[in-house]
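Asks:
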Amino acid sequence: MIESLNDHPEGIVFLLWGSYAQKKSQLITNLRHRILKAPHPSPLSAARGFLGCRHFSKANQLLHEMGRGEIDWALDEKVS
481 MIESLNDHPE GIVFLLWGSY AQKKSQLITN LRHRILKAPH PSPLSAARGF
531 LGCRHFSKAN QLLHEMGRGE IDWALDEKVS
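In my numbering, the protein residues as written are 481 to 560.
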């Protein structure tokens, strides 16, 4: 999947959370793409770097710089 996305001509922002996902960064070779890395957001590791990493706002900033639309990351109020 990542190799297929890597071939995409437009820039993609990859959010790689946790060591398993971060190891996949070597598959992302297209210089148009951007990579953000952080610890996995699980309750066991969230306090070790995920909380406060601002990946959602950073991703939107990178998308804006690429001339792409930003993402509305807000959850629907009905989600519990």
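Beta carbons are placed, not taken as given, at the ideal position from N, Cα and C, and that holds for glycine.
Grouping DSSP H, G and I as helix and E and B as strand, with all else coil, what is Leu-507?
Replies: In the sequence shown, counting from the first residue as 1, residue 507 sits at position 27. Three-state result, Leu-507: helix.
Asks: Mark Trp-497 as exposed unless 16 or more other C-beta atoms lie within 10 angstroms of its C-beta, in which case mark it buried.
Replies: Along the sequence shown, read from residue 1 onward, the residue named residue 497 stands at position 17. It counts as buried.
Asks: Between which two residues does the beta strand (DSSP E) harbouring Leu-495 extend?
Replies: Here residue 495 is taken as the residue at index 15 of the sequence shown, counted from 1. Where Leu-495 is concerned, the enclosing beta strand (DSSP E) stretches over 493-497.
Asks: Does the separation of the CB atoms of Ala-539 and Leu-495 fall below 8 Å?
Replies: As a first step, residue 539 is located in the sequence shown; it is residue number 59 there, counting from the start. As a first step, residue 495 is located in the sequence shown; it is residue number 15 there, counting from the start. For Ala-539 and Leu-495, yes; Cβs fall inside 8 Å.
Asks: From the DSSP secondary-structure annotation, give me the bridge partner or partners of Lys-517.
Replies: On the sequence shown, position 37 is the one that residue 517 refers to. Leu-496, per the DSSP bridge assignment.
Asks: For Lys-504 and chain B, any beta-carbon pair shorter than 8 Å?
Replies: No chain B is part of this structure, which consists of one protein chain only.
Asks: Among Leu-543, Ala-518, Asp-556 and Asp-487, whose alpha-carbon lies nearest the alpha-carbon of Arg-499?
Replies: The count along the sequence shown starts at 1 and reaches residue 499 at position 19. Looking at the sequence itself, residue 499 is Ser, so the reference to Arg does not match. Selected option, being the one with the closest Cα: Ala-518.
Asks: Quick check: the Cα distance between Gly-549 and Leu-524, rounded to an integer number of angstroms?
Replies: Taking the sequence shown and counting its residues from 1, one reaches residue 549 at position 69. Taking the sequence shown and counting its residues from 1, one reaches residue 524 at position 44. For Gly-549 and Leu-524, the distance between alpha carbons rounds to 33 Å.
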